Every structure is written in C-alpha cells, then in structure tokens.
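Numbering (my numbering), first residue to last: 6 to 86. Quick reminder that beta carbons are idealized off the backbone N, C-alpha and C, glycines included. Quick caveat, the model's predicted, so the values are computed rather than measured.
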C-alpha cells in the first residue's frame, strides 16, 4: 500500500475514469501505532488532522491557474527558441 501524486484534470493513466479513495482523518505525526479505533492516539502523542484539498475549491483553482501559466511560459520559451 502507498500513495502517489498525480496532476488532476488530465486523466493520466486513465485514473480519473474510475476513482475510489479514502481520506484520512487524524494521524500521528511520528510513527506511533494507534489502535484501530484510535483510542490510544492522543496519549501524549502529537496528532495532525488532514485537510482534504478537494474541499477547498479556491486553492485547487489557484493551483490549476499556476500550472496553466507555467505551461504557457514554457511553451513560449520553446517557440522563441
């Protein structure tokens, strides 16, 4: 099991055709084995809460605009040679 990052909106590897994922709630900052129900996670161990980036539409749009500008700049540099 693991994870990877992939650019949204391009259907890379056909992954956007059929997607299923799990969004974590809280997790331990340092590798600490928590019980499945999370009962022992707050016992003096630093936990962090995951902020799902897909729920913040403004940030997603800002990132997509930055990527678009970067690609346009790259294309212009290649055309000018």
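When only Cα atoms are considered, residue 22 and residue 33 end up about 32 Å apart. Ranking 13, 19, 7, 25 by CA distance to the CA of residue 64 puts 13 first.
Residue 28 sits in coil when the DSSP states are folded into three classes, being neither helix nor strand. Judged by DSSP secondary structure, residue 54 falls within the beta strand (DSSP E) whose first and last residues are 52-54. It is roughly 12 Å from the alpha-carbon of residue 58 to the alpha-carbon of residue 10.
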